[in-house]
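Chains as they are written, first to last, in my numbering: chain B, 197 to 543; chain W, 197 to 543.
Idealized CB from N, CA, C, for every residue including glycine.
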């Protein structure tokens, strides 16, 4: 294969993306070979066709897509490369599925430093390796300077659902318990702090991580989990509203049981944000019957990615699909959908 | 489901995309419901989860991704919506697979007219319906004005390969015949003419179309086809070079057998383009053994999408993997990779 058909190697240290890298010609082939394939390396990607081929068993499969336009590209706890793996692995896993493979479409802006692109692809490769979910097929496009913003990455994932598992946002029932896997708001606050150049005593890091290993244990222990969803854009509040509407139920939360780190609370006050609306990239919401809740909570807490899991409330009957919350001060409020725009380009 | 939770319907006629449409909140939910789901409507998309779930049979599956950043968004013979369906359906089908499902990730620029977005989504829906390959899961992100360019669409497709079919770019063998399904260069010339505001006596239209139905008949007639690939970016020349290198062979073409429309030829002369390097979006290259070539050609010509199919040359032994071409004037030249950038943002 390696014919040394390029006169010289890609200048990753000083080079930048130019329009020829999206042309379909020799420059694009070199970029793909020396930067993408060499880092994301796996057997399927190396097939070198416009598609990856693999064997599947008969069963239920899921497919999910997530575009990533986060700004800044690098942030405490991650970057757009690792995020684009975690985001889609999680969307696949929220069906209870074992994620199998990812595709990745890159849209690059002319002038973007190849060194930064390399960092991003390396981070993507590390995240994919750690998750055991390889990027098996990819595509690269280049747009003129001023027509993009560095790098956008759209990933699609597929996975297989274990037999007997049926998890969906429309399956919440009155009486069910609502559990979150850990503290809310870390990702969004990490991004906003970076954007606003805020420094705190301790750096707030994004919680960006793949949750499929946690989910696999949850599903094995309680195959009858009703709903799973990750509270990304719009945060816990918007995601619960989505599910309440989908299931045609209401919910009642207890504010004091919603885990939020003190430094995230403090940063939110400073930034004028409500942590319930702030994006997470490594947390999940589970809804299950009251009978299963303690068992599920125990399994989650026994896993490093769920050690701060908490039962935050109950599903109730409500034709208006309202999310109510008992506040820490003993009051009560409605937690509505995010109405405007709290955090642009948070993922 | 329909709770009329929006105070008013989306103003598609006069409205534009704003940052709230990517926020994860109510405005995004409304955009997705009233513009995306209502047009792309299908049972899987209506599951309303962050992933689509479906049953698959045991077998060989393929996955392929294609980002679309074409400019202009609307062009003679198509638009970015239909193109984003055709491009990925074709990439999946070039393995001999029957395409099953698509995912679509939209990256929208703030200020983009909703009326244009609606046209694009309608066109996407029409293309998906015609192809019988639904968009089953999607994602929408919004970037600030000046950080994108209207609309980018990244689609991923999956499909199943019929048993016994094994098509790959590394399977060309000396003695094989090279066939193209029709005229070369139509898509790229249609785009460039539009960009340059050129008018000809007849409008040159993009050949953008889904080829999986043609391929299904080809594979059924000749299950032993060695290679299939669509000559998109970089055109026929770059795609043949890719395959020659992958298979470690050379190729010998006859210029006079390569179908090119007279008006495409004329436009290329005017624009200073070489039609062999101009992108196609509805044509394929097939490579098969000499024994199968006449049968395959006949099947292709009997199909409306292959009626101008032509055997354009032979695979030969060549350790340098050169593509040689006998010119119409009896000379000979090397058809190299596209070296620079001929047509930016052609797909």
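Legend entry - Min CB distance residue 301 of chain W to chain B below 9 Å: Closer than 9 Å: yes.
Inset, instruction - Verify the CB distance criterion: does residue 415 of chain B have a CB-CB separation below 9 Å to chain W? - result: For residue 415 of chain B, no CB of chain W lies under 9 Å from its own CB, so it is not counted at the interface with that chain.
Inset, instruction - Below 8 Å CB to CB, which residues in the same chain sit around residue 326 of chain B once its five sequence neighbours on both sides are set aside? - result: Once the five neighbours on either side are set aside, the close Cβ partners of residue 326 of chain B are 406.
Legend entry - Reduced DSSP secondary structure (H/G/I, E/B, other) of residue 373 of chain B: Residue 373 of chain B falls in the strand class under three-state DSSP.
Inset, instruction - Alpha carbon to alpha carbon, how far is residue 400 of chain B from residue 260 of chain W? Give it in angstroms, no decimals. - result: The straight-line gap from Cα to Cα measures roughly 37 Å.
Legend entry - Spatial neighbours of residue 515 of chain B in its chain, beta-carbon cut-off 7 Å, leaving aside the 5 residues before and after: Here the set comprises nothing.
Legend entry - Contact set between residue 222 of chain W and chain B, taken where Cβ atoms lie within less than 7 Å: Simply 533, 534, 535.
Inset, instruction - Could you tell me the boundaries of the alpha helix (DSSP H) in which residue 148 of chain B lies? - result: Nothing in the structure corresponds to residue 148 of chain B, since chain B is present only between 197 and 543.
Legend entry - For residue 349 of chain W, the residue or residues it bridges with in DSSP: W:264, W:302.
Legend entry - Straight-line Cα distance separating residue 280 of chain B from residue 240 of chain B: Their backbone Cα atoms lie some 19 Å apart in a straight line.
Legend entry - Contact with chain B by residue 408 of chain W, beta-carbon distance below 9 Å: It does not: the Cβ of residue 408 of chain W has no partner Cβ on chain B nearer than 9 Å.
Legend entry - Rounded C-alpha distance that separates residue 526 of chain W from residue 245 of chain B: When rounded, the separation of the alpha-carbon atoms in residue 526 of chain W and residue 245 of chain B is 34 Å.
Inset, instruction - May I ask you to report which of helix, strand or coil DSSP gives residue 361 of chain W? - result: It is coil, neither helix nor strand.
Legend entry - Partner residues on chain B for residue 243 of chain W, Cβ-Cβ distance less than 9 Å: In chain order: 364, 365, 366.
Legend entry - Where the segment 325-347 of chain B meets chain W: residues whose CB sits under 8 Å from a CB there: Listed in chain order, the positions of the segment 325-347 of chain B with a beta carbon within less than 8 Å of a beta carbon of chain W are 332, 333, 334, 335, 336, 337, 338, 339, 340, 342, 343, 344, 345.
Legend entry - Residue-level contact to chain B via CB, residue 204 of chain W, 9 Å cutoff: At a cut-off of 9 Å between beta-carbon atoms, residue 204 of chain W makes no contact with chain B.
Inset, instruction - Classify residue 477 of chain B as buried or exposed, calling it buried when 16 or more other Cβ atoms lie within 10 Å of its own Cβ. - result: Looking at its Cβ environment, which holds 16 or more other Cβ atoms inside 10 Å, residue 477 of chain B is buried.
Legend entry - Interfacial residues, the segment 243-260 of chain B to chain W, with Cβ spacing under 8 Å: Cβ contacts with chain W: 243, 244, 245, 246, 247, 248, 249, 250, 251, 252, 253, 254, 255, 256, 257, 258, 259, 260.
Legend entry - Opening and closing residue of the alpha helix (DSSP H) in which residue 317 of chain B lies: Looking at the DSSP string, the run of the alpha helix (DSSP H) that includes residue 317 of chain B is 310-327.
Inset, instruction - Less than 8 Å between the CB atoms is what I'm expecting for residue 298 of chain W and residue 352 of chain W, so what's the real figure, rounded? - result: Right, their Cβ atoms sit about 7 Å apart.
Inset, instruction - Tell me whether the beta-carbon of residue 374 of chain W lies closer than 9 Å to the beta-carbon of residue 508 of chain W. - result: It is a contact, given that the beta carbons lie within the stated cut-off.
Inset, instruction - Compare the beta carbon distance of residue 501 of chain B and residue 426 of chain B with 9 Å and say whether it is the shorter of the two. - result: No, these two residues do not count as a Cβ contact at 9 Å.
Inset, instruction - With a cut-off of 8 Å on the beta carbons, I'd call residue 215 of chain W and residue 336 of chain W a contact; round off their distance for me. - result: With a Cβ gap of about 12 Å, residue 215 of chain W and residue 336 of chain W do not count as contacting.
Inset, instruction - Give me the Cα-Cα distance between residue 242 of chain W and residue 293 of chain W, rounded to the nearest whole angstrom. - result: In this structure, the straight-line span from the alpha carbon of residue 242 of chain W to that of residue 293 of chain W is close to 26 Å.
Legend entry - Endpoints, alpha helix (DSSP H) assigned at residue 222 of chain B: Element bounds for residue 222 of chain B: 222-227.
Inset, instruction - Compute the distance between the beta-carbons of residue 481 of chain B and residue 539 of chain B, then report whether it is under 9 Å. - result: Contact flag unset, no.
Inset, instruction - Please check if any C-beta of chain B sits within less than 9 Å of the C-beta of residue 216 of chain W. - result: Cβ-Cβ to chain B under 9 Å: yes for residue 216 of chain W.
Legend entry - Cβ pair residue 512 of chain B, residue 424 of chain B closer than 9 Å: Not in contact: residue 512 of chain B and residue 424 of chain B (Cβ atoms no closer than 9 Å).
Legend entry - Validate contact between the segment 270-288 of chain B and the segment 314-326 of chain B using beta carbons, cut 8 Å, 3 pairs: Yes: at least three Cβ pairs fall under 8 Å.
Legend entry - Residues in the segment 279-309 of chain B having any Cβ partner in chain W nearer than 8 Å: Taking 8 Å as the Cβ-Cβ cut-off, the segment 279-309 of chain B approaches chain W at 287, 288, 290, 291, 293, 297, 299, 300, 301, 302, 303, given in chain order.
Legend entry - One or two residues paired with residue 518 of chain W in a DSSP bridge: Beta-bridge pairing links residue 518 of chain W to no other residue.
Inset, instruction - Just mark residue 488 of chain W as buried or exposed, buried being the case when its beta carbon has 16 or more other beta carbons within 10 Å. - result: It counts as buried.
Legend entry - Option in W:382, W:372, W:381, W:263 with minimal Cα separation from residue 193 of chain B: Shown here, chain B extends from 197 to 543; a query on residue 193 of chain B therefore has no answer.
Inset, instruction - Measure the alpha-carbon distance for residue 312 of chain B versus residue 205 of chain B and round it to whole angstroms. - result: Rounded to the nearest angstrom, the two C-alpha atoms are 17 Å apart.
Inset, instruction - Indicate the three-state DSSP secondary structure (helix, strand or coil) for residue 500 of chain W in the structure shown. - result: Residue 500 of chain W falls in the helix class under three-state DSSP.
Inset, instruction - Since I believe residue 354 of chain B is in contact with residue 288 of chain B (beta carbons under 8 Å), could you give me their beta-carbon distance rounded to a whole number of angstroms? - result: So it is a contact: roughly 7 Å between Cβ atoms.
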